[in-house]
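K.L.:
For the sequence shown, the residue numbers in UniProt numbering are 1 to 229. Even for Gly, the Cβ is constructed at its ideal location relative to N, Cα and C.
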Amino acid sequence: MNDTTLAEGRVPARPSSRQAEATRRALLLAGIEAFAEHGYEAASVRDITAKAEVNQGGITYHFGGKEGLYRAVLEAVRDRVGATPLLDAAAVGSHAPEETVRRFLRQMLAPLAEGPEDRRHLRVFAWEQLRPTAVGRRLQEEKPFAPSVLAGLIVRRLRPGDDEAAVAIATAWMVGQAITFVRDADYWARPPFSVALDAAGLDALVATMARLCLGGLSAGGPPVKLTEI
């Protein structure tokens, strides 16, 4: 496939399955890097194809366009995050609340102790949380992203009397507590905060956040009924 063929409207010769798979993977990896750094809207198709060493028609040919590539990236991120869970939906009720929250936060923050590639996967999700897209919403409806599901189950366990509106707010809050450290790691690691966001500092970060989350979600008071306010 080349630019002349695409410009003239001719059907490009179909590449071999091995070549096509290699091109798709190169575009997918470049897409993960771009969307993790800039989010969906600001990510440049030109930059993605240049990074993948593919001409600009490659994204359309292999994914149907930028939106299709982004969906493939979100699916890859979802699968990567759920590959080795410390906590799954079935186990939320089988641990003490403190252990459940700790496992959830460690699972969310684990990329901080890994290499740049692992951080990039969760940063894509962080951008989607910050600036939701139609692609992400459709994918969420088809198969909800594991961190959101787990956070919702934890909130319902700790706040059984809250209505759905209050649960949704608490779920977004809980996910957001972890996401900011992954998305904005460089910011929080600099003075005046100087938070240790690496393997050595992960235990302390998880312990502190677990204590704060439990304090907020387990606080006394009547169930929250936002629909009655």
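Cα separation between L217 and A72?
P.N.:
If you take the alpha carbons of L217 and A72, they lie about 35 Å apart.
K.L.:
Mark Q107 as exposed unless 16 or more other C-beta atoms lie within 10 angstroms of its C-beta, in which case mark it buried.
P.N.:
It is buried - the Cβ of Q107 has at least 16 other Cβ atoms within 10 Å.
K.L.:
Are any of the Cβ atoms in chain C nearer than 9 Å to that of L86?
P.N.:
Judged by its chain identifiers, the structure shown contains no chain C, having just a single protein chain.
K.L.:
Check this for me: beta carbons of V77 and L214, under 9 Å apart or not?
P.N.:
No, these two residues do not count as a Cβ contact at 9 Å.
K.L.:
Give me the Cα-Cα distance between P192 and E98, rounded to the nearest whole angstrom.
P.N.:
Near 30 Å, if we compare the C-alpha coordinates of E98 and P192.
K.L.:
Which residue comes first and which comes last in the alpha helix (DSSP H) that contains P192?
P.N.:
First-last for P192: undefined, no H or E at that position.
K.L.:
Beta carbon of A36, beta carbon of W127: below 9 Å?
P.N.:
Yes, the pair counts as a contact, with Cβ atoms nearer than the cut-off.
K.L.:
Taking only the alpha-carbon atoms, compute the straight-line gap between R137 and L112 and give it to the nearest angstrom.
P.N.:
Going from the Cα of R137 to the Cα of L112 covers about 26 Å.
K.L.:
Secondary structure at V224, three-state DSSP: helix, strand or coil?
P.N.:
The answer is coil: DSSP assigns V224 none of H, G, I, E or B.
K.L.:
When we look at the beta-carbon of G152 and count the other beta-carbons within 10 Å, is it buried (16 or more) or exposed?
P.N.:
G152 is buried by the Cβ-count criterion.
K.L.:
So H62 and R24 are supposed to be a Cβ contact under 8 Å. How far apart are they, rounded?
P.N.:
Going by Cβ atoms, the distance from H62 to R24 rounds to 5 Å, so yes, they are a contact pair.
K.L.:
May I ask you to report which of helix, strand or coil DSSP gives S17?
P.N.:
Note: S17 maps to helix in three-state DSSP.
K.L.:
In chain order, what residues of the same chain lie with their CB nearer than 8 Å to the CB of K143, ignoring the 5 residues before and after it?
P.N.:
R78, listed in sequence order.
K.L.:
Would you identify the three-state DSSP class for L6, choosing helix, strand or coil?
P.N.:
Unreliable placement is indicated for L6, whose pLDDT of 44 sits below 50; the coordinate value is still reported in the next sentence. Of the three classes helix, strand and coil, the one that applies to L6 here is helix, per DSSP.
K.L.:
What first and last residue would you give for the alpha helix (DSSP H) that runs through S148?
P.N.:
Segment 146–158, the alpha helix (DSSP H) holding S148.
K.L.:
Suppose contacts are defined by Cβ-Cβ distances below 9 Å. Is V155 in contact with A170 by that definition?
P.N.:
For V155 and A170, yes; Cβs fall inside 9 Å.
K.L.:
Below 8 Å on the Cβ atoms is my guess for V135 versus E33; work out the distance and round it to an integer in Å.
P.N.:
Between E33 and V135 the Cβ distance is about 18 Å, and since that is not below 8 Å, they are no contact.
K.L.:
Does the Cβ of Y40 have 16 or more other Cβ atoms within 10 Å, making it buried, or fewer, making it exposed?
P.N.:
Result: buried.
K.L.:
Kindly list the residues whose CB is nearer than 6 Å to the CB of Y70, restricted to its own chain and excluding five residues on each side of it in sequence; keep chain order.
P.N.:
Taken in chain order, the residues that qualify are Y40, V135.
K.L.:
DSSP three-state label for R211, please.
P.N.:
Note: R211 maps to helix in three-state DSSP.
K.L.:
Hey, quick one: how far does the alpha helix (DSSP H) through G161 stretch, first residue to last?
P.N.:
G161 -> no alpha helix (DSSP H), and no H or E assigned at all.
K.L.:
Which first and last residues belong to the alpha helix (DSSP H) in which T100 is found?
P.N.:
97–109 is the span of the alpha helix (DSSP H), which, as asked, contains T100.
K.L.:
Buried or exposed: which applies to T49, given that a residue is buried once 16 or more other Cβ atoms fall within 10 Å of its Cβ?
P.N.:
Counting Cβ neighbours within 10 Å, T49 comes out buried, since at least 16 surround it.
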